[in-house]
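Enquirer:
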Amino acid sequence: MTGPLIQISALEKTFVRRPVLQSLDVDIASDDRIALIGSNGAGKTTLIRCLLGHYRHKGDILLAGEKVSTHNRSMLEAIAFVPQLPPPLKMPVADLIKFSCASGKADKDKIWDIADKLGLELAILMSIPFNRLSGGQKQKLLISIALARPAKLFIFDEPSANLDPAARSAFLDLLAQHKDRAMLIASHRLEEIASLVNRVIEMDQGKIVLDDRISDRLKEGDRRLCTLKLAVPSEALSKTLSEWDFSIASNGLSASGQVAGGDMIRFLSTLSRYGGLLSDISFENLGED
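Under the numbering used here, think of the first position of the sequence shown as -13, with each following residue one higher.
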């Protein structure tokens, strides 16, 4: 494929006259592995739901040139999704696996193999209704089903939230084995997925405030000049930026400084805590020291 896998143009979504997504334009390539970050209420989950065809919206979302629709079977097969909140399904685990293999083309053997790596004993759960599983068991099963599908795009909404440390580590290892697929991972744990992603998109108040590509081969010595504009002065943010040796304007409404390539993910993770205070972020490549 020569064009983008996903094309989002002028996307808007409103709930009861409250804008949740505002004129979003973004393309996702087939080799993009994106960390989608932002504070709660920034619009991340709404964007994902629109992408999946769950919400009506203004604007266009195209998958391989076709409009996204829950009625498009080939589109549904192209996207594998793990939600933040598991659905309240009452069907037994065995039936869910059978359904996933039939409708989503999941590979049954792969489901069992991935579940085992995540520490989920499927054999003793097959007759239990999905909604009776623990939060961790539900998450492990949904991840196993998603990764067992031949999807072109994996979408995860806070995927490690209910995972124990061992399962979280296994999950990250499994994702690393799928770097040939496009990924969109909404997470508050940016540093945790740093080695997996090559692009970071930050949302705030329904808008994309940062879209930064991070080369897989970004050198430790490479530096980037970061310029920030603040909506309002913040003593806490100014203190944090000072710790990164940033220069702060006297009015507290702008700041600039250099960030090493090896520190970029950690810096972006720090900035994500102050998303509501930032009105603009830009980066300029400076090369090596």
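Cβ coordinates follow ideal geometry from the N, Cα and C atoms, glycine included.
1. Where K53 and D46 are concerned, what is the direct C-alpha to C-alpha distance, given to the nearest angstrom?
2. When the Cα atoms are used, what is the spatial distance from I187 to F232?
3. Would you mind working out which of L33, N26, D81 sits nearest F116, comparing C-alpha positions?
4. By the 10 Å Cβ neighbour count, where 16 or more other Cβ atoms means buried, how is Q123 classified, buried or exposed?
5. Here's the rule: buried if 16 or more other CB atoms are within 10 angstroms of the residue's CB, otherwise exposed. What is P219?
6. Count the other CB atoms, across all protein chains shown, that sit within 10 Å of the CB of F1; report buried if there are 16 or more and exposed otherwise.
7. How would you write the range of the alpha helix (DSSP H) that D81 sits in, first residue to last?
8. Between T256, L196, N26, which has its C-alpha nearest K287's C-alpha?
9. Quick check: what's the CA-CA separation for E221 versus G24?
10. DSSP three-state call for S113: helix, strand or coil?
11. Return the CA-CA distance between L263 and G192, expressed in angstroms with no decimal places.
12. Do A172 and D143 have their C-beta atoms within less than 8 Å of each other?
13. Let me know if Q163 comes out buried or exposed under the rule of 16 or more other beta-carbons within 10 Å of its beta-carbon.
14. R4 by DSSP, collapsed to three states: which one?
15. For K126, which residues from the same chain have a beta carbon less than 8 Å from its beta carbon, with the 5 sequence-adjacent residues on both sides left out?
16. Tell me where the beta strand (DSSP E) around R199 begins and ends.
17. For the beta strand (DSSP E) that G284 lies in, which residues bound it at each end?
18. Using C-beta distances below 6 Å, list every residue in its chain close to M112, excluding the 5 sequence neighbours before and after it, in chain order.
19. With DSSP run on the structure shown, which of helix, strand or coil describes D232?
20. What is the DSSP secondary structure of S268, counted as helix, strand or coil?
21. Which of helix, strand or coil does DSSP assign to I138?
22. Hey, out of L37, G121, K94, K96, whose CA is closest to L281's CA?
23. Less than 8 Å between the C-beta atoms of L49 and A64, yes or no?
24. Quick check: the Cα distance between G29 and A168, rounded to an integer number of angstroms?
Expert: So, from the data block:
1. The straight-line gap from Cα to Cα measures roughly 7 Å.
2. Each residue's Cα considered, the two are about 22 Å apart.
3. For F116, the closest C-alpha among the options L33, N26, D81 is that of D81.
4. It is buried - the Cβ of Q123 has at least 16 other Cβ atoms within 10 Å.
5. So P219 ends up on the exposed side.
6. That one is exposed.
7. Counting along the chain, the alpha helix (DSSP H) containing D81 begins and ends at 79 to 89.
8. Past the boundaries of the shown model lies residue 287; the chain is included only from -13 to 275, so the question cannot be answered.
9. Annotation: E221 to G24 spans about 20 Å, alpha carbon to alpha carbon.
10. Here S113 sits in coil by DSSP.
11. Cα to Cα, the separation comes out at about 14 Å.
12. Closer than 8 Å, so yes.
13. Exposed is the call here.
14. It is a strand residue.
15. Taken in chain order, the residues that qualify are A101, L104, G105, L106, L149, A153.
16. Per DSSP, the unbroken beta strand (DSSP E) holding R199 starts and ends at 193 to 199.
17. What the structure shows of the chain is the stretch from -13 to 275, and residue 284 is not part of that stretch, so it cannot be assessed.
18. So the list reads V79, A80, once near-sequence residues are dropped.
19. At residue 232 the sequence reads Phe, which differs from the Asp that was named. In the three-state reduction of the DSSP assignment, F232 falls in the coil class, being assigned neither a helical nor a strand state.
20. In the structure shown, S268 adopts extended strand secondary structure according to DSSP, grouped into three states.
21. The sequence given here has Lys at residue 138, not Ile. The answer is coil: DSSP assigns K138 none of H, G, I, E or B.
22. The shown model of the chain, from -13 to 275, leaves out residue 281, and the question about it has no answer.
23. Going by beta carbons, L49 and A64 fall inside the 8 Å limit.
24. Going by the C-alpha atoms only, they are around 20 Å apart.
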